Structure formats: C-alpha cells, structure tokens
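Read the structure below first, then the notes.
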Amino acid sequence: MPSNTSVFKSGGACTDTSLPILYRDPAASSGSKWVLDALDSYSWPSQAAPSVGNSWVNLVTGADGSFFAGTSGWGGAGGFTSAAATGPEIRLPTTGKVASGQLTGFVVIAWVKPSAVSSNKFIVGMTDGAAGTSQYLIYQSAASFAFIANTLSATTYNGVVSGTVYQVAVGYQGNGAGTFTRSAWVNGVQNGTGTAAAAASIYQPSSSLPRVGKLPAFSTDAYDGTIYRTLFDDLSGGQTVAQIVAADYAAGVGRFS
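Residue 533 in my numbering sits at position 98 of the sequence shown; the count goes up by one each step and never skips.
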C-alpha cells in the first residue's frame with residue numbers, strides 16, 4: 436500500500452441497499468433458499484464420500500444447509516452416487532417448504548446422471564410421496580422424467596439415457612392473467628407447460644422439509660445414479676422461472692460428468 440494512502444475503518448454496518456450483493460454462486464438471487472453444489476469446495480469441502488450427519492453447505496450466505504440421513508458414494512468425477520437399494524436421503528432446508536399464502540411461485544432444480552433407466556426413482560421434492568400430495572416433485576420413471584407443481588403435472592420428458600448428465604427443473608409462476616403456469620425444463624430448455632386457475636393457496640404436505648436423493652414415503656429405493664447440484668428459489672427476488680433456470684444452466688453446464 437502506498438505510504439500516502441489513508442484507510443478509514445468504521446464499526447457500523449452498511450445499510451446502503453443500492454449496493455449489489457455478491458453471491459457465492461452465479462445462479463443465486465435474493466429469492467434463493469438453497470444452492471448446493473457437490474463439486475464446489477465451499478459447499479462440499481471434503482470432495483469425498485459423505486457420512487450420515489454430514490452437512491452439505493448452502494451457497495446462499497446465511498441460509499440453512501442440508502444434511503445426509505443416509506450414506507452415499509463419491510463418483511470418479513465427483514458427485515454423490517447411489518444404487519437403487521441404498522443411497523443418500525439428503526434433507527434440505529425447511530425454507531424450501533413454501534408457505535400456503537406465498538403465491539409468487541417457485542422453481543426447484545437438480546443436476547443428475549442416471550446409471551439406469553429404472554422406475555420410480557425420487558430426485559427432489561417437497562412431498563408426502565405422491566403427485567397429489569406435492570408442492571413440487573421431480574422423479575424418474577423408467578426412461579422418463581416426471582414433473583409436478585402444486586399437486587399437478589407440468590409434463591413428462593421421455594428418452595432419458597443412462598450415463599447422461601441432465602439439469603431438470605419444475606416451476607410454478609403467476610402469468611398476470613389470474614392463472615399460474617407450471618413449467619418443466621431439461622438442460623435449460625422448456626419441455627412442457629400446464630396452466631391452472633389461480634390457486635387460493637400452495638398445497639401443504641405434512642412433511643416439514645424437502646429432500647433430494649431418497650424419500651422413503653415415495654419409494655424404498657434411492658435415486659439410481661449421481662446427484663451433483665440442486666437449487667430452490669421462491670421468486671421473491673423478482674426473477675422469473677426462465678431466468679433462474681438459464682442462470683443455473685450456465686453455472687453448471689460442462690462441469691459435471
């Protein structure tokens with residue numbers, strides 16, 4: 436530092452809301468409740484297989500993390516691996532349970548690589564185990580991905596190939612015409628939509644928290660493949676589902692294999 440430079444320090448907090456917030460992840464926003472990334476050394480410092488009770492650190496500063504309620508392997512190129520009969524039940528932050536009257540909408544995203552095209556493998560959801568009891572749910576059914584938002588199907592994506600990395604997402608957003616649009620996304624591209632009359636509320640499962648990888652009430656089997664990353668945003672930051680999916684795809688594409 437030059438000798439003629441003065442440094443002034445203050446013990447007060449910065450209250451200028453016009454200053455930009457720097458997030459640890461480029462896809463995070465003020466509406467993000469979690470961004471969890473297995474290949475990020477801050478989010479997963481050990482870069483090795485987890486043990487029961489380990490925390491998956493949230494890249495949203497100050498937000499709750501998640502923890503492993505089951506064991507998992509670690510892929511040769513990174514990521515949490517599981518087989519059909521075993522694998523991680525990763526319990527996500529309770530902030531991912533959308534309040535009944537929170538009608539701005541939401542989007543949930545996961546990056547996965549299936550090792551088999553097997554039926555009814557849970558990926559991520561806030562659910563009691565069925566489409567009709569789900570705030571949101573993404574699962575793999577044989578060679579298809581299924582997407583549920585506020586108890587109703589957005590669409591189904593067919594042609595899932597084992598050994599291929601996918602970004603999968605489901606969103607629920609008001610469209611300004613008194614209705615909500617459910618949308619499904621695969622690898623940054625919108626795959627399907629569904630429109631519903633304006634809901635009086637968001638469905639409330641009895642479960643208190645969302646999960647990724649395994650949900651005993653949904654299936655006795657864990658996801659058959661590798662889990663790399665997941666994000667949840669309640670759209671309160673003013674971004675659209677499309678904008679968040681695009682930012683997340685840019686943050687993840689080419690990183691997972």
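No residue lacks a Cβ here, since even glycine has one placed at the ideal position from N, Cα and C. Since this is a predicted model, take the numbers as computed values, not measurements.
Just how far apart, CA to CA, sit residue i and residue j?
{"i": "Val603", "j": "Leu538", "result": "22 Å"}
{"i": "Ala677", "j": "Leu644", "result": "25 Å"}
{"i": "Gly466", "j": "Ala551", "result": "34 Å"}
{"i": "Gly689", "j": "Leu474", "result": "12 Å"}
{"i": "Phe691", "j": "Gly673", "result": "29 Å"}
{"i": "Tyr458", "j": "Ile558", "result": "26 Å"}
{"i": "Thr591", "j": "Thr628", "result": "10 Å"}
{"i": "Trp546", "j": "Ala635", "result": "31 Å"}
{"i": "Tyr663", "j": "Val600", "result": "9 Å"}
{"i": "Val492", "j": "Asn593", "result": "33 Å"}
{"i": "Ala686", "j": "Val680", "result": "10 Å"}
{"i": "Val487", "j": "Ser507", "result": "9 Å"}
{"i": "Ala534", "j": "Ser517", "result": "31 Å"}
Checking the sheet assignment: what are the DSSP bridge partners for residue i?
{"i": "Trp620", "result": "Ala604 and Gln625"}
{"i": "Leu587", "result": "Ala584"}
{"i": "Ser579", "result": "Ser576 and Asn593"}
{"i": "Ser569", "result": "Thr562"}
{"i": "Ala631", "result": "Phe615"}
So, at 6 Å on beta carbons, what are the nonlocal neighbours of residue i in its own chain, with the 5 sequence-adjacent residues on each side left out?
{"i": "Ala483", "result": "Trp509"}
{"i": "Ser504", "result": "One point to set straight first is that residue 504 is Ala, not Ser, in the sequence displayed. Here the set comprises Glu524 and Arg526."}
{"i": "Ser464", "result": "Gly672 and Gln674"}
Which residue comes first and which comes last in the beta strand (DSSP E) that contains residue i?
{"i": "Asp683", "result": "No beta strand (DSSP E) holds Asp683; the alpha helix (DSSP H) holding it covers Val676 to Gly687."}
{"i": "Val470", "result": "Ser467 to Asp472"}
{"i": "Ile637", "result": "It is not in any beta strand (DSSP E) - Ile637 carries neither H nor E in the DSSP assignment."}
{"i": "Asp668", "result": "Gly660 to Asp668"}
Among the residues of its own chain, which have a CB less than 8 Å from the CB of residue i, if the five just before and after it don't count?
{"i": "Thr630", "result": "Asn610, Thr614, Phe615, Thr616 and Arg617"}
{"i": "Tyr477", "result": "Arg459, Val492 and Leu494"}
For residue i, I'd like the list of residues in its chain whose CB is within less than 7 Å of its CB, leaving aside the five on either flank, ordered along the chain.
{"i": "Pro693", "result": "No answer is possible for residue 693: it lies beyond the span of the chain, which begins at 436 and ends at 692."}
{"i": "Leu572", "result": "Gly560, Thr562, Ala566 and Ile583"}
{"i": "Ala652", "result": "Asp563 and Gly564"}
(message) To test your reading of the DSSP string, which unbroken beta strand (DSSP E) runs of 3 or more residues are found completely within the segment 482-561?
(response) Runs found: 501-503, 515-517 and 540-549.
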